[in-house]
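In this text, residue positions in the sequence shown follow this note's numbering: the first is 3, and each later residue adds one. Beta carbons are placed, not taken as given, at the ideal position from N, Cα and C, and that holds for glycine.
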Amino acid sequence: MLKTQTPQVSDKEKVQVATQAPVKGVKPALSQNVKPQKVNDEEEVMEVFEEGGGIKKGSFISNLLIRAAILAFINLIGVAGIIYFDRKIPEKALEVKSFRSEQLGVSAQNSEIIKRDIEENKELADKLFSLFPDDEGLVNFANELDRIKAEGKIVGFSFATEEAVKDKTGSIGIPVLIEIKGTWAEIDTDLQKIQKLPYLLRPIQVSAAPAPEEGLIDLKFGGFLYVGKDFGKN
Numbered sequence: 003m004l005k006t007q008t009p010q011v012s013d014k015e016k017v018q019v020a021t022q023a024p025v026k027g028v029k030p031a032l033s034q035n036v037k038p039q040k041v042n043d044e045e046e047v048m049e050v051f052e053e054g055g056g057i058k059k060g061s062f063i064s065n066l067l068i069r070a071a072i073l074a075f076i077n078l079i080g081v082a083g084i085i086y087f088d089r090k091i092p093e094k095a096l097e098v099k100s101f102r103s104e105q106l107g108v109s110a111q112n113s114e115i116i117k118r119d120i121e122e123n124k125e126l127a128d129k130l131f132s133l134f135p136d137d138e139g140l141v142n143f144a145n146e147l148d149r150i151k152a153e154g155k156i157v158g159f160s161f162a163t164e165e166a167v168k169d170k171t172g173s174i175g176i177p178v179l180i181e182i183k184g185t186w187a188e189i190d191t192d193l194q195k196i197q198k199l200p201y202l203l204r205p206i207q208v209s210a211a212p213a214p215e216e217g218l219i220d221l222k223f224g225g226f227l228y229v230g231k232d233f234g235k236n
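So, in structure tokens, the structure goes:
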């Protein structure tokens, strides 16, 4: 009877066989010496572009183009603004210069008008002040009445007080009493001469009565002669 001889397998060989045999359901592990394959450059380009050839929205290039368009638009507005103001500045400068010249002309014209008004008002003020005599002016007024008396029908005149008094308006003056005797025509002539004197004489009370002489009128004129504020201070 023949005996079959079984070949002897060492333990080391068993381990090698077990290691090389694939296990169902388990993927073989990659060796540490095996490097992963790099992504193809063409695949990276395809991620940027869509199938139709357009740039994929949200990609780096898409965002870069949007920013470039915004910057170009801002620069365009800035250049347009510079051109606009560059053209407008000379026009505004001319307007300001013209307006300034008009102001200077108006100011000079107003100065002349004001100066002329001051001169005219000064002349008027001098005339008005002359209507309000001081102590010397009162003497001149009395001399004028003496002149009219010598030429006309004034019988006499007198001042009620030597000191100025106030009337109802608060202005100061001297009460004056003038007596005229003559015909109405002669009385009227003397009254006109008195009113033409360069003094402010306001009538207060006038009375007339027949004079003892036939055909004559005895007229008494009471007035208020306004004087200046310096009256009685000398």
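Query: Through-space distance from N142 to K235, alpha-carbon basis; Result: 17 Å
Query: Presumed contact (8 Å Cβ cut-off) between I176 and V229, rounded CB distance; Result: 6 Å
Query: Segments assigned alpha helix (DSSP H), at least 4 residues, entirely inside the stretch 155-223; Result: 186-197
Query: A213 versus E121 - alpha carbon distance; Result: 51 Å
Query: CB of P205 within 9 Å of CB of G184, strictly; Result: no
Query: Distance CB(L193)-CB(F161) smaller than 9 Å; Result: no
Query: Same chain, Cβ closer than 6 Å to L211, five either side skipped, listed in chain order; Result: The sequence shown places Ala at residue 211, rather than the Leu named in the question. The residues are D220.
Query: Inter-residue Cα distance where the pair is D232 and D136; Result: 6 Å
Query: For G225, the three-state DSSP class (helix, strand or coil); Result: strand
Query: Which listed residue (V208, T191, E146, E215) has its alpha carbon closest to that of L179; Result: V208
Query: Limits of the unbroken alpha helix (DSSP H) element including K235; Result: From DSSP, K235 is part of no alpha helix (DSSP H); its letter is neither H nor E.
Query: Straight-line Cα distance separating G217 from A187; Result: 12 Å
Query: Local Cβ density within 10 Å of L227, reported as buried at 16 or more and exposed below that; Result: buried
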